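Here's the structure we're looking at; comments come further down.
There are 2 protein chains.
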Amino acid sequence: MPRAATTSDAFNAVAEPRRREILNYLALQERPVGDIVTALSMEQPSVSKHLRVLRDVGLVHVRRDGRQMFYRTNADALRPLHEWTGEFKRFWRQQLTQVKELAEAKTRRGETSPAPQEEER
Amino acid sequence: MPRAATTSDAFNAVAEPRRREILNYLALQERPVGDIVTALSMEQPSVSKHLRVLRDVGLVHVRRDGRQMFYRTNADALRPLHEWTGEFKRFWRQQLTQVKELAEAKTRRGETSPAPQEEER
DNA sequence: TTTACATATTCCTATATAGGAATATATTGG
DNA sequence: CCAATATATTCCTATATAGGAATATGTAAA
Numbered sequence: 001m002p003r004a005a006t007t008s009d010a011f012n013a014v015a016e017p018r019r020r021e022i023l024n025y026l027a028l029q030e031r032p033v034g035d036i037v038t039a040l041s042m043e044q045p046s047v048s049k050h051l052r053v054l055r056d057v058g059l060v061h062v063r064r065d066g067r068q069m070f071y072r073t074n075a076d077a078l079r080p081l082h083e084w085t086g087e088f089k090r091f092w093r094q095q096l097t098q099v100k101e102l103a104e105a106k107t108r109r110g111e112t113s114p115a116p117q118e119e120e121r
Numbered sequence: 122m123p124r125a126a127t128t129s130d131a132f133n134a135v136a137e138p139r140r141r142e143i144l145n146y147l148a149l150q151e152r153p154v155g156d157i158v159t160a161l162s163m164e165q166p167s168v169s170k171h172l173r174v175l176r177d178v179g180l181v182h183v184r185r186d187g188r189q190m191f192y193r194t195n196a197d198a199l200r201p202l203h204e205w206t207g208e209f210k211r212f213w214r215q216q217l218t219q220v221k222e223l224a225e226a227k228t229r230r231g232e233t234s235p236a237p238q239e240e241e242r
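What follows is the structure, given as structure tokens:
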């Protein structure tokens with residue numbers, strides 16, 4: 001069995017970096033295809049094809065105005081992704097807390113703190 | 122150009138549903154390969170191959186104990202995904218707020234509230 | 001060492017790209 | 001209707017699977 005189609009779900013669709021760029025660009029406001037082409041320096045057919053994939057999984061909405069097609073990101077379709085990754089939040093939070101507590105405990109004991117494994121953003 | 126390798130980054134690696142299942146299963150505690158095979162009803166070579174991909178992108182860590190290999194999810198490698206999707210949070214939050222405010226405003230005016238488009242979790 | 005157990009890798013195949021080039025479709029203005 | 005503009009689709013190709021089957025590798029027990 002080959003890899004699942006990019007149009008099978010949001011997870012597969014956003015695996016492509018250019019599609020993520022497009023979603024970023026279309027998040028703030030709707031834009032015609034031409035704007036995407038110039039803003040992201042991509043070939044027009046390439047943009048159309050990526051938009052097709054994003055549209056098939058509901059990651060963008062479209063509106064026609066004359067001969068232009070205005071696309072905009074449908075942020076809601078990204079929620080499943082955010083929620084799934086969020087399930088793991090407690091694990092990295094836990095790690096951070098443990099590291100922090102360990103460091104603080106050592107500080108209280110006057111020991112030298114080791115270089116942290118993780119970095120808070 | 123074909124699709125990027127599944128081992129190119131976490132985004133591509135988690136596009137495969139079985140790999141997400143494996144990550145879910147390995148989140149709470151480390152497990153030997155055999156446990157994954159029985160728990161998720163997958164073929165052993167299949168599990169090994171998925172683990173290989175997950176390992177290549179740092180989504181799991183491994184530890185050998187005798188002839189068993191204990192894998193565990195490295196939640197930290199999922200943070201980029203969570204953070205990227207989180208950028209769009211304000212857009213769906215905004216929608217929710219607007220819907221809610223609209224409903225409340227109508228209620229104050231004694232109008233019938235429409236079925237909500239979105240659902241809070 | 002020989003055997004058994006646990007896991008990993010190799011081989012094979014059908015399928016799904018992503019990009020480039022060329023072309024088709026849709027809509028507006030003259 | 002015809003030309004021009006804006007997008008979409010088709011064709012072609014090299015590459016990367018994911019699963020199944022068979023096999024290889026590594027480690028412990030007898």
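Residue numbers (the working numbering), protein chains in the order written: chain Y, 1 to 121; chain W, 122 to 242. No residue lacks a Cβ here, since even glycine has one placed at the ideal position from N, Cα and C. In this text, all values refer to a predicted model and were calculated from it rather than measured experimentally.
Contact test: residue i Cβ vs the ligand MN heavy atom, cutoff 8 Å
i: W:Glu208; result: No copy of the ligand MN occurs in the structure displayed, which carries no ligand at all.
Cross-chain neighbours of residue i in chain W, by beta carbon under 8 Å
i: Y:His50; result: Near Y:His50 there are no residues of chain W at all, since even the closest Cβ is about 12 Å away, more than 8 Å.
Local Cβ density within 10 Å of residue i, reported as buried at 16 or more and exposed below that
i: Y:Arg67; result: exposed
i: W:Ala126; result: exposed
i: W:Arg211; result: exposed
i: Y:Val14; result: buried
i: Y:Arg19; result: buried
i: W:Leu149; result: exposed
i: W:Ala198; result: buried
i: Y:Glu16; result: buried
i: W:Met122; result: exposed
Check whether residue i and residue j have beta carbons under 9 Å apart
i: W:Val183; j: W:Arg176; result: yes
i: W:Val181; j: W:Ala131; result: no
i: Y:Thr7; j: Y:Val53; result: yes
i: W:Glu208; j: Y:Asn24; result: yes
i: W:Tyr192; j: W:Leu147; result: yes
i: Y:Trp131; j: W:Arg124; result: This structure cannot speak to residue 131 of chain Y, because chain Y is shown only from 1 to 121.
Chain W within 9 Å of residue i, Cβ atoms only
i: Y:Gly58; result: no
i: Y:Ala54; result: The sequence given here has Leu at residue 54 of chain Y, not Ala. Taking Cβ atoms only, chain W never reaches closer than 9 Å to Y:Leu54, which makes this a no.
i: Y:Arg20; result: yes
i: Y:Arg79; result: yes
i: Y:Asp35; result: no
i: Y:Asp65; result: no
Neighbouring residues, chain Y, relative to residue i (Cβ below 9 Å)
i: W:Ala126; result: Chain Y residues near W:Ala126: none, gap ~10 Å exceeds 9 Å.
Listed by chain order, chain W residues near residue i by CB distance under 9 Å
i: Y:Thr73; result: Phe209, Phe212
Cross-chain neighbours of residue i in chain Y, by beta carbon under 8 Å
i: W:Ala160; result: The contacting residues do not exist; W:Ala160 stays about 17 Å from chain Y at best.
Within-9 Å CB hit, residue i to chain Y
i: W:His203; result: yes
i: W:Val135; result: yes
Proximal chain Y residues relative to residue i, where beta-carbon distance stays under 7 Å
i: W:Phe132; result: Val14, Ala15
Taking contact to mean 3 or more Cβ pairs, one atom from each stretch, closer than 8 Å, check whether the segment 31-46 of chain Y and the segment 73-84 of chain Y are in contact.
no
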